[in-house]
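Right, one structure below, let's go through it.
There are 2 protein chains.
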Amino acid sequence: MIGIFDSGVGGLTVVKEIKKLLPDVPIVYFGDTARLPYGNKSRETIQKYSAEIVDFLKSKGCRTIVVACNTASALAADYIREKYPDLKIYDVVSTGAEAVAETTKSKKVGVIGTTATINSSVYKKKITELDSNIEVFTKACPLFVHLVEENWTRRPETRKIARTYLRDLKLKKIDTLLLGCTHYPLLEKIISGVMGRRTKVIASGEKLAEELKKNLDKRPARIATRSVAGGDEYFVSDLTEHFERLAEKILGKKAKIEKIML
Amino acid sequence: MIGIFDSGVGGLTVVKEIKKLLPDVPIVYFGDTARLPYGNKSRETIQKYSAEIVDFLKSKGCRTIVVACNTASALAADYIREKYPDLKIYDVVSTGAEAVAETTKSKKVGVIGTTATINSSVYKKKITELDSNIEVFTKACPLFVHLVEENWTRRPETRKIARTYLRDLKLKKIDTLLLGCTHYPLLEKIISGVMGRRTKVIASGEKLAEELKKNLDKRPARIATRSVAGGDEYFVSDLTEHFERLAEKILGKKAKIEKIML
Chain A
1 MIGIFDSGVG GLTVVKEIKK LLPDVPIVYF GDTARLPYGN KSRETIQKYS AEIVDFLKSK
61 GCRTIVVACN TASALAADYI REKYPDLKIY DVVSTGAEAV AETTKSKKVG VIGTTATINS
121 SVYKKKITEL DSNIEVFTKA CPLFVHLVEE NWTRRPETRK IARTYLRDLK LKKIDTLLLG
181 CTHYPLLEKI ISGVMGRRTK VIASGEKLAE ELKKNLDKRP ARIATRSVAG GDEYFVSDLT
241 EHFERLAEKI LGKKAKIEKI ML
Chain B
1001 MIGIFDSGVG GLTVVKEIKK LLPDVPIVYF GDTARLPYGN KSRETIQKYS AEIVDFLKSK
1061 GCRTIVVACN TASALAADYI REKYPDLKIY DVVSTGAEAV AETTKSKKVG VIGTTATINS
1121 SVYKKKITEL DSNIEVFTKA CPLFVHLVEE NWTRRPETRK IARTYLRDLK LKKIDTLLLG
1181 CTHYPLLEKI ISGVMGRRTK VIASGEKLAE ELKKNLDKRP ARIATRSVAG GDEYFVSDLT
1241 EHFERLAEKI LGKKAKIEKI ML
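Just so you know, the protein sequences line up as chains A and B, in that order.
If you're matching positions, the first sequence starts at 1 in the working numbering and goes up one per residue.
If you're matching positions, the second sequence starts at 1001 in the working numbering and goes up one per residue.
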């Protein structure tokens, strides 16, 4: 069983990629909607929240945890790796950085994300640790999250804003653009359209799903047994219609979502 | 001394209006930036936070309190009026509703605000309580706050979004549009431009400042003494560069802002 968490609904874009490659592996999702946004909270607070969520996912039987939140990945992934040595922890930042390093040929890449993520320089650091020859250009695109939340994923207004945000990155002639925020895959068409054919737009979710599959394929018998046991479970700390509507849009189907206080 | 609070930076648009009419009355501002947004929190929590802030403002010597946050006005203004009978409490929702009722001639008005404010129907209720002949049309414009936060107050992207949001209200031929969110006055030019000359665009801040002036003018001697005592003070529960930059933009000058935990 795979446990996945995010501060809100964005992590469901990672769930979607995982379900594509591993349709039979049950997942438990937790969205910390009562306490979002994580972006402006201290490291200590994010670590505390993350540990509470991991405890919950562990109690649900998860031995593999996916940190599907950029802020929590940046500030708390190493902390929970140390605190829970018995669990296998994946996080979107590490995976995103690896995906970029493997994809680029020109060694000029771009990363977009929220203001908090971009200001933390975490992607720049991780990518250049993997390959110091890579030049990383970044751009904070704070309105993208709100455009997704407003469900304006195919609107001309959104395309206009994307053109404004991405203008400088286009001029840098990057060959790879990482979507460093789990909301952004919902704008992939618009972003790819603006960047043009020569730039490959990638998200962490796909690469993360591939890695999970590779590791889980080593244990086929166990997976088979588990997948029979039960379906996917979705939990949030505060349930709104808004969440349910966005969740349905991302997953492409209605999911039963339960509210739970940690 | 006047105490003013908001969940964040938006209430400073109200401060600006008050300083225009009452330049010599010292104010104490509190922005609850560590706990924002208020929009998605429960009534109980908003009342608790509001009372904590009023206690703080009272300890600073304020006998007049302005609730410059729409959510707190809707959910907690009556609660603090009852809890602090010795204080004079003003709130942006009551004042905004009065301003609308006084301004409209056609009895067709519009109110725009955040999703939480519009869904609460608080303006509709207050306005029709004042004049049951008034037809109130509302529209949530959630992206406006984020466009202001991004400092895109004069951009073509923002104008395009405003045209989309306001299309239906324009068709209703309203003669008055209330900006039911303290961030929106920063978009007044764009909003007025989109609505056209026949619609008067109003914000609560101006009317609130007029009422304050009317009441304080009854006690000129006391004000004169107090205004000598000290200048304005600005407090927030979490201080970021972002807040300082926006505060400067709204107030038109740099203000010394202190962080304080309640």
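All C-beta atoms, glycine included, are put in the ideal place defined by N, C-alpha and C.
From what residue to what residue does the beta strand (DSSP E) around residue i run?
i, result
"residue 1158 of chain B", "Taken as a continuous stretch (DSSP letters only), residue 1158 of chain B belongs to no beta strand (DSSP E), being part of the alpha helix (DSSP H) at 1156-1171."
"residue 248 of chain A", "Looking at the DSSP string, residue 248 of chain A is not in any beta strand (DSSP E); the run it does join, the alpha helix (DSSP H), is 241-251."
"residue 1150 of chain B", "Taken as a continuous stretch (DSSP letters only), residue 1150 of chain B belongs to no beta strand (DSSP E), as it is neither H nor E."
"residue 1259 of chain B", "1257-1259"
"residue 34 of chain A", "That residue, residue 34 of chain A, is in no beta strand (DSSP E); it is neither H nor E in DSSP."
"residue 234 of chain A", "233-236"
Indicate whether residue i and residue j have their beta-carbon atoms separated by less than 9 angstroms.
i, j, result
"residue 1010 of chain B", "residue 1032 of chain B", "no"
"residue 83 of chain A", "residue 110 of chain A", "no"
"residue 68 of chain A", "residue 240 of chain A", "no"
"residue 3 of chain A", "residue 25 of chain A", "no"
"residue 96 of chain A", "residue 204 of chain A", "yes"
"residue 90 of chain A", "residue 50 of chain A", "no"
"residue 231 of chain A", "residue 184 of chain A", "no"
"residue 143 of chain A", "residue 1146 of chain B", "yes"
"residue 202 of chain A", "residue 179 of chain A", "yes"
"residue 1047 of chain B", "residue 1074 of chain B", "no"
"residue 256 of chain A", "residue 234 of chain A", "yes"
"residue 1022 of chain B", "residue 1209 of chain B", "yes"
"residue 199 of chain A", "residue 177 of chain A", "yes"
"residue 1206 of chain B", "residue 1017 of chain B", "yes"
"residue 246 of chain A", "residue 92 of chain A", "no"
"residue 1194 of chain B", "residue 1166 of chain B", "yes"
"residue 250 of chain A", "residue 66 of chain A", "no"
"residue 130 of chain A", "residue 101 of chain A", "yes"
"residue 39 of chain A", "residue 117 of chain A", "yes"
"residue 189 of chain A", "residue 155 of chain A", "no"
"residue 1175 of chain B", "residue 1034 of chain B", "no"
List the DSSP bridge partners of residue i.
i, result
"residue 1178 of chain B", "B:1111 and B:1202"
"residue 1027 of chain B", "B:1002"
"residue 1088 of chain B", "B:1064"
"residue 1054 of chain B", "DSSP lists no partner for residue 1054 of chain B."
"residue 1014 of chain B", "Answer is none; residue 1014 of chain B lacks a bridge partner."
"residue 1136 of chain B", "B:1109"
When we look at the beta-carbon of residue i and count the other beta-carbons within 10 Å, is it buried (16 or more) or exposed?
i, result
"residue 70 of chain A", "buried"
"residue 1229 of chain B", "Any reading at residue 1229 of chain B needs caution, since the residue's pLDDT is 46, under 50, leaving its predicted position unreliable; the model's value is listed next. Counting Cβ neighbours within 10 Å, residue 1229 of chain B comes out exposed, since fewer than 16 surround it."
"residue 150 of chain A", "buried"
"residue 1310 of chain B", "There is no way to answer for residue 1310 of chain B, as the model of chain B reaches only from 1001 to 1262."
"residue 1126 of chain B", "buried"
"residue 1042 of chain B", "exposed"
"residue 132 of chain A", "exposed"
"residue 265 of chain A", "No answer is possible for residue 265 of chain A: the residues shown for chain A start at 1 and end at 262."
"residue 186 of chain A", "buried"
"residue 1260 of chain B", "exposed"
"residue 258 of chain A", "exposed"
"residue 59 of chain A", "exposed"
"residue 1196 of chain B", "exposed"
"residue 157 of chain A", "buried"
"residue 1104 of chain B", "buried"
"residue 271 of chain A", "What the structure shows of chain A is the stretch from 1 to 262, and residue 271 of chain A is not part of that stretch, so it cannot be assessed."
"residue 1236 of chain B", "buried"
"residue 252 of chain A", "exposed"
"residue 1094 of chain B", "buried"
"residue 12 of chain A", "buried"
"residue 1057 of chain B", "buried"
"residue 1224 of chain B", "Confidence at residue 1224 of chain B is low in this model, with a pLDDT of 47, below 50, so its placement is unreliable and the value that follows should be read with caution. Its Cβ having fewer than 16 others within 10 Å, residue 1224 of chain B is exposed."
"residue 1262 of chain B", "exposed"
"residue 1 of chain A", "buried"
Just to confirm the assignment, what range does the alpha helix (DSSP H) spanning residue i have?
i, result
"residue 9 of chain A", "Neither: residue 9 of chain A is in no alpha helix (DSSP H) and is coded neither H nor E."
"residue 192 of chain A", "188-195"
"residue 42 of chain A", "Note, residue 42 of chain A: premise wrong, no alpha helix (DSSP H); not H, not E."
"residue 128 of chain A", "122-130"
"residue 79 of chain A", "70-83"
Subject >> Residues of the region 1160-1192 of chain B with Cβ closer than 8 angstroms to any Cβ of chain A, in chain order >> reply: Considering only beta carbons, the part of the region 1160-1192 of chain B lying closer than 8 angstroms to chain A consists of 1160, 1161 and 1164, in chain order.
Original post:
According to a CB-to-CB cut-off of less than 9 angstroms, which residues of the region 1233-1249 of chain B neighbour chain A?
Top reply: Result list: 1238, 1240 and 1242.
**OP:** Mind checking the region 1113-1144 of chain B against chain A and listing, in chain order, the residues whose C-beta falls within less than 9 angstroms of any C-beta there?
**Re:** So the close ones are 1115, 1142 and 1143.
Subject >> Chain-ordered residues of the region 1147-1159 of chain B with a beta carbon less than 9 angstroms from chain A >> reply: Answer in chain order: 1147, 1149, 1150, 1152, 1155, 1156 and 1157.
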